[in-house]
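Chains as they are written, first to last, in our numbering: chain A, 1 to 261; chain B, 1001 to 1295.
Everything on this sheet refers to the single structure shown next.
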Amino acid sequence: MSHWLRNVPSIVYLLAALVFIYSPVVVLVLFSFQDGLLPVPPFNGPSFQWYEKMLANDRLMDALINSVVVAVGSAAVATLLGFLAAYGLARHQPRFSKSIRFLLMSPLTVSYLIIGVGLLITLNLVGIPKSLLAIGIGHVVINLPLCFAIVFSQFGDHLRNIDWAARDLGAGDFQVLFLIIAPIMRPALLAAFCLAATLSWDEFIVAFLLSRFEVTLPVIIFEMLRAGLTPEVNAASTMVFAISMTMVGIAAAFMLSRRGK
Amino acid sequence: MRCSLFGRVSNPSKVRKTLHWNRWVVYPAGVFTTVFFVLPLIAMVVVSFWTRSRGGLSATWTLKNYITFFERDYLVASLYNSIEVTLLSTAISVLLAYPLAYILAYRVPRKWQALTLLLFVLPFWTAYVVRSYGWLLVLSENGILNVILLGLDIIDQPWELAYTRAATVLGFVHFFTMLLTLTIYANLVQIKPSYLQAGADLGASNLQGFLRITLPLSLPGVAVGAFISFVICIGDYVTPQILGGGTEVLVPQAIMLQISRAANFPMASVMAITLMVVVVVVYLISAKHLKMERV
């Protein structure tokens, strides 16, 4: 305890930082329970009327389903592709291994906006209409480097021995990959999946550029903002925030459990 | 030919056969990235040399778009604005994040560090739109900040902070402070305490120890975090659009205007490429300080 008392300036700084970091979140969540038309002080409530309104808003609920579909689908594809690539690189060390890693990591160096504009122009040139699928593809591009990096970082030499042992015991390619290696890598795979799903769930600009009628939650929240501030936007935002936090929490738990062993 | 655990010799021909398609598993990701990332970037570069025609694009090669970009004052101004806002946001974030990371690394007991760090960077994983909207609520004319400041008689008129450049910078600083805290913390905890001890044994004061040992050794973490912040900041549309209001336009907003209002893909491409060039220049300037593997 005395250790803490000697560090009053540090504690003050930490508390100030906490207030700064959490103030937009707290205000957002608090005023989603506002009993009134405006999400600003004074706070009257709590009331769940804006959550009821949100649940009755068909466009919002459609966007919710779209967001879930895109997040789960794109995260699954990104995790699968990232896992296969990480396995291929770690296990076989192919020629051009360095160039392949560079290629796979390269989308990290470019803004989402530029990735989105590039895809939009390409769709236009090829003549494919914007769609949820296009958004999903954009999100796989964004998340693949992350999934690859997470899984690749967890591939150790011991996996190569396990791989050999499995083959000596008669396992085929498919069995080695999905019955032996994938279960061993499960914490990394689940962490990669959760982080990719979170990033897709939160992503705005690619979804905004590549959507037409079917939109995702961040896009519809952005559109609602143009109409002005209402506690309904707070309710929808709070839902987006709560689900992000849950998924990041799960991902962190997987990663820490891995390290603890 | 290899020996198994029990000294049995496995059948080499079988091993070679089973390895057959596994060799190719690296390629789907490579093909995906090439088709949906590399080719679109190439398409963007190509289109930047085309012109817009009635009903779409015509493949007449010209430098006109680039010349137009640098001739129109408001487009050049957007580039200046973007660079100013980005540098300002990154600099303030470094100044705020460094003490935070330092306290987390050196003042918080070891067993609490992971949890405390998580607490301080958790809202990092909030959607841009949601985070910016949260700040809009805090800063708006009858928002909580003005209510508190008026209530404490610090100001006697509402502070018009929302829809200004300051609000944009604040939104960015909030995000990048968390990001930089992560990268600087990760760097600080790797510095061996024995270095400081050796410095102290040789007569260095605490301040000298910090300035000449800890600070220089932690600069890679600062550089990496600042670089990532720079890249994200200069390409972000949401924060300036929601918090900044209509007084000034940053490059991402100008790009979106070209796309949504004018459907002018060549011009949008020129601006997107300009952003990429700025990022590459900044990367080349800071490359020798960027040791990604240390973070």
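The beta-carbon is built from N, C-alpha and C at its ideal position, and this holds for glycine as well.
Just so you know, these numbers come straight off a predicted model, no measurement behind them.
Does any residue of chain B have a CB that is nearer than 8 Å to the CB of residue i?
i	result
I184(A)	no
H139(A)	no
S211(A)	no
P39(A)	yes
N44(A)	no
F272(A)	The question about residue 272(A) has no answer, for chain A in this structure spans 1 to 261.
V248(A)	yes
S153(A)	no
S23(A)	yes
V233(A)	yes
P107(A)	yes
S244(A)	yes
G36(A)	no
F254(A)	no
A188(A)	no
F193(A)	no
I221(A)	yes
Looking at residue j and residue i, is the spacing between their C-beta atoms short of 8 Å?
i	j	result
F1176(B)	S1218(B)	no
S1132(B)	V1238(B)	yes
G1143(B)	V151(A)	no
S1078(B)	P1266(B)	no
N143(A)	A75(A)	yes
L1136(B)	A1162(B)	yes
A1268(B)	V117(A)	yes
L217(A)	S67(A)	yes
F204(A)	V1085(B)	no
V25(A)	P1028(B)	no
L189(A)	T79(A)	yes
L1118(B)	A16(A)	no
I181(A)	Y87(A)	yes
L264(A)	A236(A)	Limits of chain A in this structure are 1 at one end and 261 at the other, which puts residue 264(A) out of reach.
T1060(B)	W1050(B)	yes
S1167(B)	L1139(B)	Correcting the residue type first, residue 1167(B) is Ala in the shown sequence and not Ser. For A1167(B) and L1139(B), yes; Cβs fall inside 8 Å.
A191(A)	M255(A)	yes
P1040(B)	L146(A)	no
V1169(B)	L1088(B)	yes
F1120(B)	L1100(B)	yes
Determine the chain B residues that contact residue i at a beta-carbon separation under 8 Å, and present them in chain order.
i	result
G228(A)	Under the 8 Å cutoff, chain B gives no residues; its nearest Cβ is about 11 Å from G228(A).
L84(A)	V1025, V1026, P1028 and A1029
Since residue i contacts residue j with CB under 8 Å, what's their CB separation in whole angstroms?
i	j	result
A90(A)	F155(A)	4 Å
V1270(B)	N1065(B)	5 Å
I1184(B)	V1222(B)	6 Å
V1147(B)	I1092(B)	25 Å between Cβ atoms; not a contact.
A267(A)	V215(A)	Summary: the structure shown does not reach residue 267(A), with chain A confined to residues 1 through 261, and so no result is reported for it.
V206(A)	G138(A)	4 Å
L113(A)	G1235(B)	5 Å
V1026(B)	L84(A)	7 Å
C194(A)	I115(A)	About 22 Å; that fails the 8 Å criterion.
Counting only Cβ pairs nearer than 8 Å, list the residues of chain A close to residue i.
i	result
P1040(B)	I115, G118, L119, I121 and T122
S1140(B)	V40 and L229
P1099(B)	Y13
S1269(B)	V117 and I121
Give me the chain B residues within the contact set of residue i, using Cβ-Cβ distance strictly less than 9 Å, ordered along the chain.
i	result
Y51(A)	Result: empty, since nearest Cβ-Cβ is about 16 Å, beyond 9 Å.
Under 7 Å Cβ-Cβ, which residues of chain A neighbour residue i?
i	result
I1255(B)	L113 and V117
L1079(B)	In chain order: nothing, as chain A lies at least about 15 Å away.
I1103(B)	S10, Y13 and L14
P1193(B)	Chain A residues near P1193(B): none, gap ~16 Å exceeds 7 Å.
Residue i touches chain A at which residues, Cβ-Cβ below 9 Å?
i	result
Y1074(B)	The premise fails here: Y1074(B) is roughly 19 Å from chain A at the closest Cβ pair, so nothing lies under 9 Å.
G1246(B)	By Cβ distance, chain A contributes nothing, its closest Cβ being about 12 Å from G1246(B), past 9 Å.
Which residues in chain B have a C-beta closer than 7 Å to the C-beta of residue i? List them in chain order.
i	result
P129(A)	In chain order: nothing, as chain B lies at least about 14 Å away.
V206(A)	Ordered by position in chain B, no residue passes the 7 Å Cβ test against V206(A), which lies about 11 Å from the chain.
N7(A)	R1107
T198(A)	W1125
I100(A)	V1026 and G1030
Report yes or no: is there a C-beta of chain A within less than 8 Å of the C-beta of residue i?
i	result
R1261(B)	no
G1007(B)	Bear in mind that a pLDDT of 44 at G1007(B), under 50, signals an unreliable position, so the model cannot answer this.
R1294(B)	Because the pLDDT of R1294(B) is 44, which lies under 50, any placement of that residue in the model is unreliable, and the number read from its coordinates should be weighed accordingly. So no, R1294(B) is outside the interface.
M1276(B)	yes
L1137(B)	yes
S1013(B)	With a pLDDT of only 46 at S1013(B), under the threshold of 50, the placement of this residue in the model should not be trusted; the figure read from the coordinates follows. It does not: the Cβ of S1013(B) has no partner Cβ on chain A nearer than 8 Å.
I1144(B)	yes
L1243(B)	no
A1226(B)	no
Residues, ordered as in the chain, of the region 1158-1188 of chain B that lie near chain A by beta-carbon distance below 8 Å:
H1174, T1177 and M1178
Between the region 1036-1066 of chain B and chain A, which residues of the former have CB atoms less than 7 Å from a CB of the latter, in chain order?
F1036, F1037, L1039, P1040, L1041, A1043, M1044 and V1047
Along the region 63-82 of chain A, where does the CB come closer than 7 Å to a CB of chain B? Name the residues.
L81 and G82
Near-chain A residues of the region 1200-1221 of chain B (beta-carbon distance less than 9 Å), N- to C-terminal order
none
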